[in-house]
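Data first, discussion second: the structure below is written as structure tokens.
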Amino acid sequence: MDERARLTPKILMISNQPSVTGALTHFSLQQKYDIVLEPVSANALERWAEVQPDLIVLDINFPKNLILQLVRALREETFTPIMLLTRGMVEEDVQEIYDAGVDDCLIKPISPSIFLAKIRVWLRRSRTTPAHVLAPLKACNTRLLHAERN
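Counting in the numbering used here, the final residue of the sequence shown is number 328, and the numbers go up one at a time with none missing.
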């Protein structure tokens, strides 16, 4: 694998909003991010496992309960930061979404520069490899395993 390609941050964008996705993808590509688009939220877990992104962006027009299900399912599998773009929610819904595992909730419309700044912040924090994806360490007759997640 090319060293530059390996270091390019990967962003998985799960979105059923083509107009918003196109604009945000355009601005993100200008920053040289590897953007993987997934228009079907039911495929989110499969795509996450395939892509192993540094950041997940959700821009889906679903009822809150479906968003919560998706976020919880992703959070069971990964510590990857999750950003949610939304048209607006009442405070209690936003709190519930944060409690489900979203790291950042952005209200649309959002300026491209703020969106990219948020992406940079979350990419800075996500560039470490979680222990559960690493192979066990071996030294002589000793084998160190990572702790299982609850």
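Even for Gly, the Cβ is constructed at its ideal location relative to N, Cα and C. The structure presented is a predicted model; accordingly, all values stated were derived computationally and were not measured.
Name the one or two DSSP bridge partners that Met267 has.
-> For the purposes of this step, residue 267 is identified with residue 89 of the sequence shown, where counting begins at 1. Partner(s): none; Met267 has no beta bridge.
Compute the Euclidean distance between the alpha carbons of Val299 and Glu228, then round it to the nearest angstrom.
-> On the sequence shown, residue 299 is found 121 positions in, with the first residue counted as 1. On the sequence shown, residue 228 is found 50 positions in, with the first residue counted as 1. C-alpha separation (whole angstroms): 24 angstroms.
DSSP-derived helix/strand/coil call for Ser304 = For this step, residue 304 is matched to residue 126 along the sequence shown. Note: Ser304 maps to helix in three-state DSSP.
Put Val188 into one of helix, strand or coil per three-state DSSP.
-> As a position in the sequence shown, residue 188 is number 10, starting the count at 1. In the sequence as displayed, the identity of residue 188 is Lys instead of Val. Lys188: strand per DSSP, three-state reduction.
Which residue comes first and which comes last in the beta strand (DSSP E) that contains Val235?
-> On the sequence shown, residue 235 is found 57 positions in, with the first residue counted as 1. Run containing Val235: Leu233 to Asp237, per the beta strand (DSSP E) assignment.
Where does Asp282 fall in DSSP's three states?
-> Along the sequence shown, one-based indexing puts residue 282 at 104. Residue state, collapsed to three classes: strand.
Cα separation between Asp271 and Lys242?
-> Position 93 of the sequence shown holds residue 271. Position 64 of the sequence shown holds residue 242. Approximately 7 angstroms between the Cα atoms of the pair.
Would you please state the rounded distance, in angstroms, between the beta carbons of Asp232 and Leu301? I believe it to be under 8 angstroms.
-> Here residue 232 refers to the residue found at position 54 when the sequence shown is read from its first residue. Here residue 301 refers to the residue found at position 123 when the sequence shown is read from its first residue. Their Cβ separation, rounded to whole angstroms, is 6 angstroms, which keeps Asp232 and Leu301 in contact under 8 angstroms.
Cα-Cα, which of Leu236, Asp281, Arg225 and Pro287 is closest to Arg303?
-> The sequence position of residue 303 within the sequence shown is 125, counting from 1. Ranking Leu236, Asp281, Arg225 and Pro287 by Cα distance to Arg303 puts Asp281 first.
Where do the ends of the alpha helix (DSSP H) carrying Val229 lie?
-> Counting from one through the sequence shown, the residue named residue 229 turns up at place 51. Ala222 to Val229 is the span of the alpha helix (DSSP H), which, as asked, contains Val229.
Whole angstroms is fine: what's the gap from Ser219's alpha carbon to Leu248's?
-> Within the sequence shown, numbered from 1, the residue matching residue 219 stands at position 41. Within the sequence shown, numbered from 1, the residue matching residue 248 stands at position 70. Each residue's alpha carbon lies about 8 angstroms from the other.
Straight-line gap, Thr256 to Val235 (C-alpha atoms, nearest Å) = Working through the sequence shown from its first residue, we reach residue 256 at position 78. Working through the sequence shown from its first residue, we reach residue 235 at position 57. Rounded to the nearest angstrom, the two C-alpha atoms are 14 angstroms apart.
Tell me whether Phe293 is buried or exposed, calling it buried when 16 or more other Cβ atoms sit within 10 Å of its Cβ.
-> Position 115 of the sequence shown, counted from the first residue, corresponds to residue 293. Label assigned to Phe293: buried.
For Ser291, the three-state DSSP class (helix, strand or coil) | Here residue 291 refers to the residue found at position 113 when the sequence shown is read from its first residue. Residue state, collapsed to three classes: helix.
Might you give, ordered along the chain, the residues of its own chain that have their beta carbon closer than 8 angstroms to the beta carbon of Arg250, omitting 5 neighbours on each side?
-> Indexing the sequence shown from 1 puts residue 250 at position 72. Excluding residues within five positions, the ones whose Cβ falls inside 8 angstroms are Ala278 and Gly279.
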